[in-house]
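Peer 1: Have a look at this one.
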Amino acid sequence: MSLDSSRLTPMANAIRALSMDAVQAANSGHPGMPMGMADVATVLFSQFLKFDPAAPKWPDRDRFVLSAGHGSMLLYSLLHLTGYDRPTMADIRNFRQLHSVCAGHPENTELDGVECTTGPLGQGLATAVGMAIAERHLNAVFGSDLVDHKTWVIAGDGCLMEGVNHEAVGLAGTLKLGGLNVLWDDNHITIDGDTSLSTCEDVAARYAASGWHVTRCDGHDFADIARALAEAVADPRPSLVACRTVIGQGAPNKAGSHAVHGSPLGADEVAATRAALGWTAAPFEIPADILVDWRSLAGKGAAARAAWEARLSASPQAAEFTRRMAGELPEDKGAARDYLAGLVANPPKVATRKASEMALEALTVAIPELVGGSADLTGSNLTKTKATLPFSADDYSGRHVHYGIREFGMAAAMNGMALHGGVIPYGGTFLVFADYCRNAIRMSALQKARVVYVLTHDSIGLGEDGPTHQPIEHVMSLRAIPDLLVFRPADAIETAESWALALKQADRPSVLALSRQNLPPVRFEAEMKTARGAYRLKTAAAARQVVLVASGSEVEIALASAAALEADGIGADVVSMPCWELFDAQDAAYRAEVLPAGVLKVSVEAGVTLGWQKYVGDGLTIGIDSFGASAPADQLYDYFGLTADKIVPQIKARLGL
Numbered sequence: 063m064s065l066d067s068s069r070l071t072p073m074a075n076a077i078r079a080l081s082m083d084a085v086q087a088a089n090s091g092h093p094g095m096p097m098g099m100a101d102v103a104t105v106l107f108s109q110f111l112k113f114d115p116a117a118p119k120w121p122d123r124d125r126f127v128l129s130a131g132h133g134s135m136l137l138y139s140l141l142h143l144t145g146y147d148r149p150t151m152a153d154i155r156n157f158r159q160l161h162s163v164c165a166g167h168p169e170n171t172e173l174d175g176v177e178c179t180t181g182p183l184g185q186g187l188a189t190a191v192g193m194a195i196a197e198r199h200l201n202a203v204f205g206s207d208l209v210d211h212k213t214w215v216i217a218g219d220g221c222l223m224e225g226v227n228h229e230a231v232g233l234a235g236t237l238k239l240g241g242l243n244v245l246w247d248d249n250h251i252t253i254d255g256d257t258s259l260s261t262c263e264d265v266a267a268r269y270a271a272s273g274w275h276v277t278r279c280d281g282h283d284f285a286d287i288a289r290a291l292a293e294a295v296a297d298p299r300p301s302l303v304a305c306r307t308v309i310g311q312g313a314p315n316k317a318g319s320h321a322v323h324g325s326p327l328g329a330d331e332v333a334a335t336r337a338a339l340g341w342t343a344a345p346f347e348i349p350a351d352i353l354v355d356w357r358s359l360a361g362k363g364a365a366a367r368a369a370w371e372a373r374l375s376a377s378p379q380a381a382e383f384t385r386r387m388a389g390e391l392p393e394d395k396g397a398a399r400d401y402l403a404g405l406v407a408n409p410p411k412v413a414t415r416k417a418s419e420m421a422l423e424a425l426t427v428a429i430p431e432l433v434g435g436s437a438d439l440t441g442s443n444l445t446k447t448k449a450t451l452p453f454s455a456d457d458y459s460g461r462h463v464h465y466g467i468r469e470f471g472m473a474a475a476m477n478g479m480a481l482h483g484g485v486i487p488y489g490g491t492f493l494v495f496a497d498y499c500r501n502a503i504r505m506s507a508l509q510k511a512r513v514v515y516v517l518t519h520d521s522i523g524l525g526e527d528g529p530t531h532q533p534i535e536h537v538m539s540l541r542a543i544p545d546l547l548v549f550r551p552a553d554a555i556e557t558a559e560s561w562a563l564a565l566k567q568a569d570r571p572s573v574l575a576l577s578r579q580n581l582p583p584v585r586f587e588a589e590m591k592t593a594r595g596a597y598r599l600k601t602a603a604a605a606r607q608v609v610l611v612a613s614g615s616e617v618e619i620a621l622a623s624a625a626a627l628e629a630d631g632i633g634a635d636v637v638s639m640p641c642w643e644l645f646d647a648q649d650a651a652y653r654a655e656v657l658p659a660g661v662l663k664v665s666v667e668a669g670v671t672l673g674w675q676k677y678v679g680d681g682l683t684i685g686i687d688s689f690g691a692s693a694p695a696d697q698l699y700d701y702f703g704l705t706a707d708k709i710v711p712q713i714k715a716r717l718g719l
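Numbering (our numbering), first residue to last: 63 to 719.
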């Protein structure tokens, strides 16, 4: 389609009309951004974006991310107008209502064409960085015939102010992700008012200093928008296009004001806007000629897809590419079995972070789509293997990303990598720094993204670094996130099983909480017991009076406590519980067998005791409900009462012995 304003203007106005009508009907929403960015979006979709509504999951499509997710009606309007099956006009009429696919902020699990769930500002852009990383890696592996597409982002001032944006921008510039183009809705407005209230930075200069190409355009001049977008496509660096726009463009009394940011226009202003735009169609109706122009855009994408499918059919890599993009793990040729057999034959006394590295050495050979990394803690998290060379601007085929000290940016990028498809990302930092990236971990779960978080130094066992680095509440707070598997393995076998289970989760993320200190082996057979979430590790020799339940590094303490109790004729089971979520998914009979009624139950974990009551009832919860301290690990465990000598007397007292 040519840049004929006589055709593009009514197309853009269709976005404005749908956006203000849907927000008005819902009496809730954000009409200003969709109305202000309607012209930019129209040029993007008509001239630059590679997409096909008939095949929304086509692997070589461009990825479009609405980072400013509050302006969701922009995306819903575009999907409807270009001919995606949904949202229908009925869906748009039902905007922001219960069970509507047109949720208040776009959700990738609700609609095809929504590449990622956005709303927490800055994360859409940071997620797009991960998509661009995945594209470059797969391009290096499979070539441009199969992988050669762009990642486009529409972001607002809020996205650019958030700290995660700074992390993402620095990473993208360092990696020279030239396929990433960010269209900045530069309208000088936030919720509180003019941006001058809260910022004076030179955003363009910041991006340029981070290795980005920066250009500007009049966001309401179709030719100038197209010129700027063409510049972005041509430049080998990631690009920021500052689109100077007017928020609520078209509204005669509220345009340019924060009053149009997050509130309906009101019936009078909607009527005035219709008159100002010359829009005579009834609410939720699009004139046939305008809809024809929008729907005609799909033809170019359909032709590009057909050509791509022909190249795929002729490619000797077709089967492998298809497997990876489908998220299917490769056939296990015995590497996992052989690795576990080796652990059983020679049980190692190692930290579970080291056991994770040992498992990854085998996994990264067997599963070539595993792409790892660390937030500048590679030698501590042990996430790099012999098979994973560095991913860099000089070699995108590498599989270890040096994320730098950017925990939040790393987590958001991994979400983008997983959502792009074709790679399975894992990344490491210290468990205590999960707080830095918590919202991205939450977004992993919300988006059903297969991301593995390798969170090491999981307790006071890290020792002398002290309370700033010793996680206390972190494992429990991660367990509070729905649809997230949190594994805290006790030895090398449980660690290997946790990795195997995490990688099988095609539609949810996992956390591996791993120790710094060496742990003795507690399991001596490979039966995938971790899959049950919890299991009886030791059965009482004397009549059972107590069940000790522990995770991770405290399992050995529970075993020592049980041995001391048994020496006094007190029967004690020990239950290892590496994953609450998997245990909770077991049937009631199994759970009752592992945690039987009528006996004292005692939890032992080097963290807050809050939450363990669901398993031990009014039994004992032994843990740490304060911050840690700086000292060697063995002294800390004794000081905080996490030794058999300190635990056994409490159990005897509770039993009245």
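All C-beta atoms, glycine included, are put in the ideal place defined by N, C-alpha and C. Quick caveat, the model's predicted, so the values are computed rather than measured.
Below 7 Å, is the gap between the Cβ of valine 516 and the nearest heavy atom of the ligand SAH?
Peer 2: Ligands are entirely absent from the displayed structure, and the ligand SAH is therefore not among its contents.
Peer 1: Of the residues Gln648, Leu405 and Trp561, which one's Cα is nearest the Cα of proline 551?
Peer 2: Along the sequence shown, read from residue 1 onward, the residue named residue 551 stands at position 489. The candidate whose alpha carbon is nearest that of proline 551 is Trp561.
Peer 1: Which class does valine 485 belong to by DSSP, given the choice of helix, strand or coil?
Peer 2: One-based indexing of the sequence shown puts residue 485 at position 423. In the structure shown, valine 485 sits in coil (DSSP, three-state: anything other than H, G, I, E or B).
Peer 1: Along the chain, which unbroken stretches of the beta strand (DSSP E) at least 3 residues long are found entirely within the stretch 177-241?
Peer 2: Counting only runs of 3 or more, we get 213-217.
Peer 1: Flag this pair as yes or no: are the beta carbons of threonine 491 and leucine 517 separated by less than 8 Å?
Peer 2: Reading the sequence shown from its first residue, position 429 is the one you call residue 491. Reading the sequence shown from its first residue, position 455 is the one you call residue 517. Result yes, Cβ atoms of threonine 491 and leucine 517 sit closer than 8 Å.
Peer 1: What is the C-beta distance between aspartate 247 and cysteine 305, in whole angstroms, given that I count them as a contact (C-beta under 8 Å)?
Peer 2: Here residue 247 refers to the residue found at position 185 of the sequence shown. Here residue 305 refers to the residue found at position 243 of the sequence shown. That belief holds up - the Cβ atoms of aspartate 247 and cysteine 305 are roughly 6 Å apart, short of 8 Å.
Peer 1: Going by the beta-carbon positions, is the gap between asparagine 170 and cysteine 164 smaller than 8 Å?
Peer 2: Within the sequence shown, the letter at position 108 stands for residue 170. Within the sequence shown, the letter at position 102 stands for residue 164. Not in contact: asparagine 170 and cysteine 164 (Cβ atoms no closer than 8 Å).
Peer 1: Specify whether the stretch 396-416 and the stretch 466-481 touch according to this definition: at least 3 beta carbon pairs, one from each stretch, less than 8 Å apart.
Peer 2: At 8 Å Cβ cutoff, the stretches do not touch.
Peer 1: Comparing C-alpha positions only, which one of Ala417, Val664 and Ser454 sits nearest to threonine 445?
Peer 2: Mapped onto the sequence shown, residue 445 falls at position 383. Nearest C-alpha to threonine 445: Ala417.
Peer 1: At which residues does the beta strand (DSSP E) containing threonine 683 begin and terminate?
Peer 2: Along the sequence shown, one-based indexing puts residue 683 at 621. 682-684 is the span of the beta strand (DSSP E), which, as asked, contains threonine 683.
Peer 1: Around the Cβ of glutamine 675, are there at least 16 other Cβ atoms within 10 angstroms (buried) or fewer (exposed)?
Peer 2: Taking the sequence shown and counting its residues from 1, one reaches residue 675 at position 613. Answer is exposed; the Cβ neighbour count stays below 16.
Peer 1: Using a Cβ-Cβ cutoff of less than 6 Å, which residues in the same chain neighbour glycine 703 once the five nearest sequence positions on both sides are dropped?
Peer 2: Locating residue 703 in the sequence shown gives position 641, where the first residue counts as 1. Correct list: empty, nothing qualifies.
Peer 1: Does the Cβ of asparagine 201 have 16 or more other Cβ atoms within 10 Å, making it buried, or fewer, making it exposed?
Peer 2: Residue 201 sits at position 139 when you count from the first residue of the sequence shown. Buried is the call here.
Peer 1: Quick check on DSSP: helix, strand or coil for aspartate 174?
Peer 2: Against the sequence shown, residue 174 aligns to sequence position 112. Aspartate 174 falls in the coil class under three-state DSSP.
Peer 1: For glutamine 720, which of helix, strand or coil comes out of DSSP?
Peer 2: Because the chain in this structure spans residues 63 to 719, residue 720 falls outside the shown range and cannot be described.
Peer 1: Within 8 Å (strictly less), CB to CB, does serine 68 reach chain D?
Peer 2: In summary, chain D is missing from the structure at hand, where a single protein chain is found.
Peer 1: Proline 529 and phenylalanine 689 - do their beta-carbons sit closer together than 8 Å?
Peer 2: Numbered from 1 along the sequence shown, position 627 holds the residue referred to as residue 689. Numbered from 1 along the sequence shown, position 467 holds the residue referred to as residue 529. Against a cut-off of 8 Å, the Cβ pair of proline 529 and phenylalanine 689 comes out as a contact.
Peer 1: Report the option in Gly324, Gly133 and Gly310 whose CA atom is closest to the CA atom of glycine 318.
Peer 2: Against the sequence shown, residue 318 aligns to sequence position 256. Nearest of Gly324, Gly133 and Gly310 to glycine 318, Cα basis: Gly310.
Peer 1: Can you give me the C-alpha to C-alpha distance between aspartate 207 and leucine 374, rounded to a whole angstrom?
Peer 2: Translated into positions along the sequence shown, residue 207 becomes position 145. Translated into positions along the sequence shown, residue 374 becomes position 312. Rounded to whole angstroms, aspartate 207 to leucine 374 spans 8 Å at the Cα level.
Peer 1: Rounded to whole angstroms, what is the Cα-Cα separation between arginine 289 and valine 548?
Peer 2: Taking the first residue of the sequence shown as position 1, residue 289 is located at position 227. Taking the first residue of the sequence shown as position 1, residue 548 is located at position 486. The alpha-carbon atoms of arginine 289 and valine 548 are separated by roughly 48 Å.
Peer 1: Please determine, among Ala564, Gln607, Arg606 and Met82, the residue with the shortest C-alpha to C-alpha distance to glycine 595.
Peer 2: Mapped onto the sequence shown, residue 595 falls at position 533. Nearest of Ala564, Gln607, Arg606 and Met82 to glycine 595, Cα basis: Ala564.
Peer 1: Is tyrosine 138 helix, strand or coil by DSSP?
Peer 2: In the sequence shown, the residue the question calls residue 138 occupies position 76. Three-state DSSP puts tyrosine 138 in a helix.
Peer 1: Quick one: what does DSSP say serine 560 is sitting in, helix, strand or coil?
Peer 2: Here residue 560 refers to the residue found at position 498 when the sequence shown is read from its first residue. Note: serine 560 maps to helix in three-state DSSP.
Peer 1: Going by the DSSP bridge assignment, what does tyrosine 515 pair with across the sheet?
Peer 2: The sequence position of residue 515 within the sequence shown is 453, counting from 1. DSSP, once it has assigned bridges, lists Gly489 and Val573 as partnering tyrosine 515.
Peer 1: Between which two residues does the alpha helix (DSSP H) harbouring threonine 335 extend?
Peer 2: For the purposes of this step, residue 335 is taken as the residue at position 273 of the sequence shown. That run of the alpha helix (DSSP H) goes 329-339.
Peer 1: Grouping DSSP H, G and I as helix and E and B as strand, with all else coil, what is tryptophan 120?
Peer 2: Within the sequence shown, residue 120 is the residue found at index 58, counting from 1. The answer is coil: DSSP assigns tryptophan 120 none of H, G, I, E or B.
Peer 1: Would you mind giving the Cβ-Cβ distance between threonine 144 and alanine 360, rounded to the nearest angstrom? I have them listed as a contact below 8 Å.
Peer 2: Working through the sequence shown from its first residue, we reach residue 144 at position 82. Working through the sequence shown from its first residue, we reach residue 360 at position 298. At roughly 6 Å, the Cβ-Cβ gap stays under 8 Å, so threonine 144 and alanine 360 are in contact.
Peer 1: Closest by CA to glutamate 667, which one among Pro533, Ala568, Ala605 and Asp545?
Peer 2: Residue 667 sits at position 605 when you count from the first residue of the sequence shown. The option with the nearest alpha carbon to glutamate 667 is Pro533.
Peer 1: Note down, in chain order, each residue of its chain lying with its Cβ closer than 8 Å to the Cβ of leucine 29, except the 5 sequence neighbours on either side.
Peer 2: No answer is possible for residue 29: the residues shown for the chain start at 63 and end at 719.
Peer 1: Out of Glu556, Tyr138, Ala266 and Arg198, state which residue places its alpha-carbon closest to the alpha-carbon of glutamate 177.
Peer 2: Counting from one through the sequence shown, the residue named residue 177 turns up at place 115. With distances taken between Cα atoms, glutamate 177 lies closest to Tyr138.
Peer 1: Should isoleucine 216 be labelled buried (16 or more other beta-carbon atoms within 10 Å of its own) or exposed?
Peer 2: As a working mapping, residue 216 is identified with position 154 in the sequence shown. Looking at its Cβ environment, which holds 16 or more other Cβ atoms inside 10 Å, isoleucine 216 is buried.
Peer 1: To the nearest angstrom, report how far apart cysteine 499 and alanine 693 are at their CA atoms.
Peer 2: The residue given as residue 499 occupies position 437 in the sequence shown. The residue given as residue 693 occupies position 631 in the sequence shown. Roughly 27 Å separates the two Cα atoms.
Peer 1: DSSP puts alanine 304 in a beta bridge; with which residues?
Peer 2: For the purposes of this step, residue 304 is taken as residue 242 along the sequence shown, with counting starting at 1. Trp246 and Arg278.
Peer 1: Contact check, leucine 237 vs serine 454 under 8 Å by CB: the rounded distance?
Peer 2: As a working mapping, residue 237 is identified with position 175 in the sequence shown. As a working mapping, residue 454 is identified with position 392 in the sequence shown. With a Cβ gap of about 7 Å, leucine 237 and serine 454 count as contacting.
Peer 1: Per DSSP, tyrosine 597 is paired with what?
Peer 2: Locating residue 597 in the sequence shown gives position 535, where the first residue counts as 1. Paired residues: Ser638.
Peer 1: When we look at the beta-carbon of serine 358 and count the other beta-carbons within 10 Å, is it buried (16 or more) or exposed?
Peer 2: Taking the first residue of the sequence shown as 1, we reach residue 358 at position 296. By the neighbour-count rule (16 or more Cβ atoms within 10 Å), serine 358 is not buried but exposed.
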